[in-house]
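Peer 1:
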Amino acid sequence: MNTHSASSAPTADLALWMIDLLTADDRLGRLIREYAASQRTYVAAQPDLVARRLVEASIAVAEQLQQLVAQPAAADLCRCVTVAVFFTWHIDSHVRHEFLGPEDYRRFIETQANPDATLLSHLSTDPIVFPAIHSWMIPRNQIQGMDGARTLRAIQAPGPPPLVIFALPLRLLRSSVVRVRPPLAVDAIPKANRLYSRFGLPENRTELIDADVPSSVIGGIEWRP
Numbered sequence: 039m040n041t042h043s044a045s046s047a048p049t050a051d052l053a054l055w056m057i058d059l060l061t062a063d064d065r066l067g068r069l070i071r072e073y074a075a076s077q078r079t080y081v082a083a084q085p086d087l088v089a090r091r092l093v094e095a096s097i098a099v100a101e102q103l104q105q106l107v108a109q110p111a112a113a114d115l116c117r118c119v120t121v122a123v124f125f126t127w128h129i130d131s132h133v134r135h136e137f138l139g140p141e142d143y144r145r146f147i148e149t150q151a152n153p154d155a156t157l158l159s160h161l162s163t164d165p166i167v168f169p170a171i172h173s174w175m176i177p178r179n180q181i182q183g184m185d186g187a188r189t190l191r192a193i194q195a196p197g198p199p200p201l202v203i204f205a206l207p208l209r210l211l212r213s214s215v216v217r218v219r220p221p222l223a224v225d226a227i228p229k230a231n232r233l234y235s236r237f238g239l240p241e242n243r244t245e246l247i248d249a250d251v252p253s254s255v256i257g258g259i260e261w262r263p
């Protein structure tokens, strides 16, 4: 009798997805792809262990890639997040405590005469604005002039709108430690980004990823309904 099916099935599915993603990305080195394939044997009995191993291996390879192939940014970049993400991870804790939650905060921002300035004033003073696994960015001109819903389709993200857009101007990026590269399967594994495709974004849009991104490169914030 399988007494663990209810709890282990989701983790087993996650582990198999990780294995399939890593082994299919032929831009990765042979060692990580073979290591991922070798873990398939253990999924049924130890899915949690397999998932943990693959996350750890992916992070290690991503760090190596960052050292070997990342390059200085060549254009203004931006990162798009939902209100819930901005509220949970990016605003100052003192501001957060003034609201009941993300929806309450969204309603407040929608009443502001200058929501962009309000969002920027609420930003946390944490020196790292995006940890490495959340540093997915796109050249700003590739989503310029879009509303929130169209932006989500362009970057293949779940949403919902409205969005908060972090602007990272080239003038600040040039004098920073930011170095970018196209994401690979190893970058999707730690955050279980199942929307990731090794074929990239539609219409030749460019995804880029960095190590930890410092808050010093934030040149502004845009509210995008």
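For the sequence shown, the numbering used here gives the first residue as 39, with consecutive numbering after it. Every residue gets a Cβ at the ideal spot worked out from N, C-alpha and C, and that includes glycine. Values in this document were obtained by computation on a predicted structure and should not be read as measured data.
With DSSP run on the structure shown, which of helix, strand or coil describes Ile256?
Peer 2: coil
Peer 1: Can you tell me which of the three DSSP states Trp261 falls into?
Peer 2: Residue state for Trp261 is assigned as strand, using DSSP reduced to three classes.
Peer 1: Grab the span of the alpha helix (DSSP H) containing Arg91 for me, first residue to last.
Peer 2: 85 to 107
Peer 1: Considering only C-alpha positions, which residue in the set Ala111, Ala53, Gln84, Gly67 is nearest to Leu92?
Peer 2: Ala53
Peer 1: Quick one: Cα of Asp114 to Cα of Trp174, how far?
Peer 2: Between the alpha carbons of Asp114 and Trp174 lies a gap of roughly 14 Å.
Peer 1: For Gly258 and Ala155, I'd like the C-alpha separation in whole angstroms.
Peer 2: Roughly 8 Å between the two C-alpha positions.
Peer 1: Measure the Cβ-Cβ separation of Ala111 and Leu210 and say whether it is below 7 Å.
Peer 2: No; because the gap between Cβ atoms is not below 7 Å, this pair is not in contact.
Peer 1: By Cβ distance below 7 Å, which residues in the same chain neighbour Arg71 in space, the five residues on each side in sequence not counted?
Peer 2: The beta carbon of Arg71 is closer than 7 Å to those of Leu60, Thr61 in its chain, skipping five residues each way along the sequence.
Peer 1: Beta-carbon separation of Val88 and Gln77 under 7 Å?
Peer 2: Going by C-beta atoms, Val88 is nearer than 7 Å to Gln77.
Peer 1: Between the alpha carbons of Tyr73 and Trp127, how many angstroms are there, rounded?
Peer 2: 33 Å
Peer 1: What number of angstroms, rounded off, separates the C-alpha of Pro220 from the C-alpha of Phe146?
Peer 2: 36 Å
Peer 1: Starting from the Cα of Ile181, find the closest Cα among Pro140, Ile203, Tyr143 and give me that residue.
Peer 2: Ile203
Peer 1: Does DSSP put Thr163 in a helix, a strand or coil?
Peer 2: coil
Peer 1: For Leu149, which three-state DSSP category applies?
Peer 2: Reading off the sequence shown, one finds Thr at residue 149, where the question assumed Leu. Correct three-state label for Thr149: coil.
Peer 1: Quick check: what's the CA-CA separation for Leu161 versus Ser253?
Peer 2: Computed Cα separation, rounded: 9 Å.
Peer 1: Let me know the secondary structure DSSP gives Ile203 once reduced to three states.
Peer 2: strand
Peer 1: Out of curiosity, what's the CA-to-CA distance linking Thr244 and Ala226?
Peer 2: 15 Å
Peer 1: Is the beta carbon of Arg217 closer than 7 Å to that of Asp63?
Peer 2: no
Peer 1: With a CB to CB cut of under 8 Å and the five nearest residues on each side skipped, what residues in its chain are close to His42?
Peer 2: Reliability of the predicted coordinates at His42 is poor, the pLDDT of 35 falling under 50, and the value obtained from them is presented with this limitation in mind. Cβ within range, chain order: n/a, list empty.
Peer 1: Using only alpha-carbon positions, find the residue among Tyr143, Thr189, Arg134 that is nearest to Arg262.
Peer 2: With distances taken between Cα atoms, Arg262 lies closest to Thr189.
Peer 1: Could you check if Ala230 is buried or exposed, using at least 16 other CB atoms within 10 Å of its CB as the buried criterion?
Peer 2: exposed
Peer 1: Could you check what DSSP says for Thr61 in three-state terms: helix, strand or coil?
Peer 2: helix
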